[in-house]
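There are 4 protein chains.
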Amino acid sequence: MTATTPLRVTVWNEGVHETTQPEIAAIYPDGIHGAIAAGLTELLGQEVTVRTATLADPEHGLSEQQLAETDVLLWWGHIAHDQVSDEVVERVRQHVLGGMGLIVLHSGHFSKIFIRMLGTTCSLRWRNPEGGERELVWNVNPTHPIAEGVDQPIVIEAQEMYGEFFDIPTPDDLVFISSFTGGEVFRSGVTFTRGRGKIFYFSPGDQEYPVYFHPQVRRVLANGVRWAAPVAGARQAPEVSNPQPV
Amino acid sequence: MTATTPLRVTVWNEGVHETTQPEIAAIYPDGIHGAIAAGLTELLGQEVTVRTATLADPEHGLSEQQLAETDVLLWWGHIAHDQVSDEVVERVRQHVLGGMGLIVLHSGHFSKIFIRMLGTTCSLRWRNPEGGERELVWNVNPTHPIAEGVDQPIVIEAQEMYGEFFDIPTPDDLVFISSFTGGEVFRSGVTFTRGRGKIFYFSPGDQEYPVYFHPQVRRVLANGVRWAAPVAGARQAPEVSNPQPV
Amino acid sequence: MTATTPLRVTVWNEGVHETTQPEIAAIYPDGIHGAIAAGLTELLGQEVTVRTATLADPEHGLSEQQLAETDVLLWWGHIAHDQVSDEVVERVRQHVLGGMGLIVLHSGHFSKIFIRMLGTTCSLRWRNPEGGERELVWNVNPTHPIAEGVDQPIVIEAQEMYGEFFDIPTPDDLVFISSFTGGEVFRSGVTFTRGRGKIFYFSPGDQEYPVYFHPQVRRVLANGVRWAAPVAGARQAPEVSNPQPV
Amino acid sequence: MTATTPLRVTVWNEGVHETTQPEIAAIYPDGIHGAIAAGLTELLGQEVTVRTATLADPEHGLSEQQLAETDVLLWWGHIAHDQVSDEVVERVRQHVLGGMGLIVLHSGHFSKIFIRMLGTTCSLRWRNPEGGERELVWNVNPTHPIAEGVDQPIVIEAQEMYGEFFDIPTPDDLVFISSFTGGEVFRSGVTFTRGRGKIFYFSPGDQEYPVYFHPQVRRVLANGVRWAAPVAGARQAPEVSNPQPV
Chain W
1 MTATTPLRVT VWNEGVHETT QPEIAAIYPD GIHGAIAAGL TELLGQEVTV
51 RTATLADPEH GLSEQQLAET DVLLWWGHIA HDQVSDEVVE RVRQHVLGGM
101 GLIVLHSGHF SKIFIRMLGT TCSLRWRNPE GGERELVWNV NPTHPIAEGV
151 DQPIVIEAQE MYGEFFDIPT PDDLVFISSF TGGEVFRSGV TFTRGRGKIF
201 YFSPGDQEYP VYFHPQVRRV LANGVRWAAP VAGARQAPEV SNPQPV
Chain Z
247 MTATTPLRVT VWNEGVHETT QPEIAAIYPD GIHGAIAAGL TELLGQEVTV
297 RTATLADPEH GLSEQQLAET DVLLWWGHIA HDQVSDEVVE RVRQHVLGGM
347 GLIVLHSGHF SKIFIRMLGT TCSLRWRNPE GGERELVWNV NPTHPIAEGV
397 DQPIVIEAQE MYGEFFDIPT PDDLVFISSF TGGEVFRSGV TFTRGRGKIF
447 YFSPGDQEYP VYFHPQVRRV LANGVRWAAP VAGARQAPEV SNPQPV
Chain C
493 MTATTPLRVT VWNEGVHETT QPEIAAIYPD GIHGAIAAGL TELLGQEVTV
543 RTATLADPEH GLSEQQLAET DVLLWWGHIA HDQVSDEVVE RVRQHVLGGM
593 GLIVLHSGHF SKIFIRMLGT TCSLRWRNPE GGERELVWNV NPTHPIAEGV
643 DQPIVIEAQE MYGEFFDIPT PDDLVFISSF TGGEVFRSGV TFTRGRGKIF
693 YFSPGDQEYP VYFHPQVRRV LANGVRWAAP VAGARQAPEV SNPQPV
Chain U
739 MTATTPLRVT VWNEGVHETT QPEIAAIYPD GIHGAIAAGL TELLGQEVTV
789 RTATLADPEH GLSEQQLAET DVLLWWGHIA HDQVSDEVVE RVRQHVLGGM
839 GLIVLHSGHF SKIFIRMLGT TCSLRWRNPE GGERELVWNV NPTHPIAEGV
889 DQPIVIEAQE MYGEFFDIPT PDDLVFISSF TGGEVFRSGV TFTRGRGKIF
939 YFSPGDQEYP VYFHPQVRRV LANGVRWAAP VAGARQAPEV SNPQPV
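Protein sequence lines, in the order shown, are assigned to chains W, Z, C and U. Just so we're aligned: 70 in my numbering is position 70 of the first sequence, and the numbers increase by one with no gaps anywhere. Every position in the second sequence, counted from 1, becomes a number in my numbering once 246 is added. Every position in the third sequence, counted from 1, becomes a number in my numbering once 492 is added. Every position in the fourth sequence, counted from 1, becomes a number in my numbering once 738 is added.
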């Protein structure tokens, strides 16, 4: 509770839109990862050290050592999910099972790591009209630490629509439900535990809209990092055998 | 599974609006209970025997014997919650704990029996504009028996708005989430177990709108009756002591 | 997270065994409440201020002001549940719904407040053989903050037996499962949320055995107090109406 | 509910112990699959048609067509998990997501399909002393259809020990908890939903002990088959996009 060692956060982004589409680069001049990292640093200050990594880095910036030195990993991907190496995905999975927190963002619902941790298709209903739609993010779990200090609702003026049915396992905690102009609803903030690792999925955030500059979205991500941090005694594999009776 | 004995259903309604407000009586000429009962009979046929009961009946139509002969109780109330006798509420609670199914409808969220079973305030956000709002009821649990054969979404053209935060315990199953024209969301179909009794809360349905004639709403209520029926071996109190080791 | 204000803890105990049975007073010379309070002070130090209250105190030591100044309330009762005033029970309930943490201990499973918050009978299987039985408390939720730093399993040499079926609603989190010499099992550490209040039930602890001096039991209770503390922004009633669309 | 078409059940067993170890073949002369299939036929009669399949069959007896004609698949494996083809595992997964029920038995906790559906290591504590230990299987969810008509507790005189921590995600339903002579506990009956498919894991059952002839174990498996059967409208992939507003 009185952690004096900063949480080590890695913000991972495939980083393809920003490097190939000028209109996206204009929205996120430092990359989506840059915007997310800036938000975490702004809100959490010395509570964290934040590094970024992208698909183009050696081993995607997720080597064994880099993961061993990560307490919480944020994941943004969209058009290059299949370019992520299976070996890296399995490595990330092992670290999550050992206690590393994982925050999966927006279109990361179709990432290999999310599907691998949850087992389902993670598919959803989708629409992206010209100019986007208004998304309202409602808190249905007011005592959850991820919702601390967050507006009821968060108003995001322009977003693409993600709707139900969202094919995920029943979450441990349902924190946020979004509605869209078209009337759809979406479980937009959900948590899971896998092994010793805590997982938070949060859907607001897109390459075409400046959602990661939204102060309330930044607040949720900062809360999420705190929540997903390993508890003391984590980062160990479960024992498989103990033949002696108690 | 191959039950040849019909389920015994009691539809309870306070029955005050219909007897004091001609405009409500015009919408529900046989009472809200009458409309609900007709829907169950229409869809479930010989699978059920349906009786109705109201506040004005002796013991509100919920005597010990009447409850002992009820497999599933549906509850609609709104402006007369405080006129329901505490003794009857406790009697209903005991039957639910013993295995009787309970389906609480719409404004019944503030009924004594619902609050007594759940422990929370059961309060919610509310608005009833002239002419109502469109409610879309989304199924987020497609394999749940209560959602069997139900449209995605159910479209209800005119309803009052119920919104989050809805102060209930975490439900066992979240089946439906509604959105409203104003952008609010609501966990509109949720289940709980208390003792041996299964509880289903379903919010669509109001005295000012003909919601209980809506074919899809009728389908949900019929599914709910099947789901809430006691399993074999229910309708018994839990043992409190068994001093002999196994 | 960096709370500098101590958590205000009230340890409530009916305090009847210790004042009427010398053999119990010999085990708990400062009362069960005294032993629990000492354990919390020992482990949490300046993180908490601890007061005790008993049935015999005016308003049972749970006046409106005393509750308003309590962040987490621990509750131990056994033979005097029915002597607790209904008015005080309802007052405690309102504070829990508003955000006060509640930790219910051992035979408190039959307290008015526990039954009132959960809605069920809270009954269980029971046996108290001469000399007690060995209870093993297994952690099935290793990342839960209540289990932090706790042995796997906790070994309690002498206890009475509490066994399943334990008639409670499905808990939010299942943290501990106990086994007993006789072979019974029991969900001995479970959590619930009601309104803004967090509730933890922990069964180890009895007037006939010195369980509240056990270092591991003290660790669990200290963890429980931290976990049940209100989150920022709690201690407020939910809004019931908001007629303006977003 | 009034299904006149029998459920199509496939009992899959790796079938290695029985064909290579005479002492196991003596316990299960028709194979573990044969014993399980006989129990289902005995209890469910014309409600089911049961076929068996083993590792040695072409495509392990789990071709696309064979899976398409299976409503519920039971899975027993132990020493040959790694010989199961990845292609078949992915095929099974797709059918589960589309609605096929899956019942994973005992040492199948380490099967590829179970780990693939759940995402965790699925490891556990283990001991197999000479002659086994007594396992008591306690029902903690008395209204669950899988527990219908089952003794409290089920007594299995000889079993190997499986204990916590069992590294699985939080189950949808916790139905059974076992204790063992050594004092360990285990969540021995748990359910999950993945996509449209229902999954039941049940731990009692081993090649060295005649557990699959135990009448109560057979009752649980028969209940499990009924429970895991696809609901009407299942066996379809979720829609991924619907660009038109409602």
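We treat Cβ as the ideally placed atom computed from N, Cα and C, and that holds for glycine.
Can you pull the DSSP bridge partners for residue i?
i	result
residue 930 of chain U	U:937
residue 593 of chain C	C:564
residue 256 of chain Z	Z:297, Z:319
residue 452 of chain Z	Z:455
residue 127 of chain W	W:161
Short of 6 Å in beta carbon distance, which residues of its chain neighbour residue i, apart from the five on each side in sequence? Order them along the chain.
i	result
residue 593 of chain C	564, 690, 720, 721
residue 409 of chain Z	371, 430, 432
residue 14 of chain W	55, 77, 80
residue 20 of chain W	none
residue 152 of chain W	139
residue 991 of chain U	Absent from the structure is residue 991 of chain U, since the part of chain U shown begins at 739 and ends at 984.
If distances are taken between C-alpha atoms only, which option among the options comes closest to residue i?
i	options	result
residue 194 of chain W	U:865, U:856, U:791	U:856
residue 795 of chain U	U:837, U:743, U:776, U:821	U:821
residue 279 of chain Z	Z:257, Z:268, Z:410	Z:257
residue 70 of chain W	W:53, W:38, W:115, W:192	W:53
residue 407 of chain Z	Z:339, Z:268, Z:392, Z:352	Z:352
residue 220 of chain W	W:77, W:44, W:108	W:44
residue 378 of chain Z	Z:391, Z:261, Z:455	Z:455
residue 342 of chain Z	Z:459, Z:457, Z:490, Z:446	Z:446
residue 138 of chain W	W:130, W:150, W:37, W:127	W:150
residue 831 of chain U	W:21, W:116, W:211	W:116
residue 457 of chain Z	Z:320, Z:282, Z:271	Z:282
residue 310 of chain Z	Z:337, Z:461, Z:398, Z:399	Z:337
residue 903 of chain U	C:663, C:668, C:662, C:657	C:668
residue 148 of chain W	W:74, W:26, W:68, W:217	W:217
residue 596 of chain C	C:538, C:558, C:635, C:697	C:697
residue 231 of chain W	C:538, C:559, C:566, C:637	C:637
Closer than 7 Å by C-beta to residue i: which residues in its own chain qualify, once you throw out the five before and the five after it? Chain order, please.
i	result
residue 573 of chain C	602, 603, 604
residue 912 of chain U	878, 879, 925, 928
residue 31 of chain W	13, 15, 18
residue 459 of chain Z	281
For residue i, which residues in the same chain have their Cβ closer than 8 Å to its Cβ, ignoring the five residues on either side in sequence?
i	result
residue 578 of chain C	604
residue 626 of chain C	647, 648, 649, 650, 651, 672, 673
residue 334 of chain Z	305, 306, 308
residue 48 of chain W	6, 7, 8, 9, 40, 41, 225
residue 905 of chain U	858, 859, 860, 861, 862
residue 494 of chain C	Only weak support exists for where residue 494 of chain C lies, its pLDDT of 47 falling under 50; the value from the coordinates is given anyway. Within the same chain, residue 494 of chain C has no close Cβ partners at all.
The ligand NAP and residue i: does the residue's C-beta get closer than 7 Å to at least one heavy atom of that ligand?
i	result
residue 469 of chain Z	As far as ligands go, the structure on display features none, and thus does not contain the ligand NAP.
Legend entry - Runs of beta strand (DSSP E) lying entirely within the segment 134–189 of chain W, each at least 3 residues, in chain order: List check, beta strand (DSSP E) in window: 154–159, 161–163, 173–180.
Inset, instruction - Entirely within the segment 776–823 of chain U and at least 4 residues each: give me those alpha helix (DSSP H) ranges in chain order. - result: Runs of the alpha helix (DSSP H) inside the segment 776–823 of chain U: 802–806.
Inset, instruction - Could you run through the segment 401–421 of chain Z and flag, in chain order, every residue whose CB is less than 8 Å away from some CB of chain U? - result: Among the residues of the segment 401–421 of chain Z, those with a Cβ less than 8 Å away from any Cβ of chain U are 401, in the order of the chain.
Inset, instruction - For the segment 463–477 of chain Z, enumerate the residues whose C-beta is nearer than 9 Å to any C-beta of chain U, in chain order. - result: The segment 463–477 of chain Z vs chain U, Cβ under 9 Å: 472, 476, 477.
Legend entry - Residues within the segment 683–711 of chain C neighbouring chain Z, beta-carbon criterion of under 8 Å: Only those residues of the segment 683–711 of chain C whose C-beta falls short of 8 Å from the nearest C-beta of chain Z are listed: 684, 685, 686, 687.
Inset, instruction - Return the residues of the segment 128–148 of chain W that lie within a Cβ-Cβ distance of less than 7 Å from chain C, sorted by chain order. - result: Hits within the stretch, in order: 136, 142, 143, 145, 148.
Inset, instruction - Could you please tell me which residues of the segment 272–295 of chain Z, in chain order, have their CB closer than 9 Å to any CB of chain U? - result: For the segment 272–295 of chain Z, which is checked against every Cβ of chain U, the residues closer than 9 Å are 293.
Inset, instruction - Pull out every residue of the segment 805–831 of chain U whose Cβ sits closer than 8 Å to any Cβ of chain Z, in chain order. - result: Near chain Z, meaning a CB-to-CB distance below 8 Å, no residue of the segment 805–831 of chain U qualifies.
Legend entry - Chain-ordered residues of the segment 598–610 of chain C with a beta carbon less than 7 Å from chain Z: Taking 7 Å as the Cβ-Cβ cut-off, the segment 598–610 of chain C approaches chain Z at 608, 609, 610, given in chain order.
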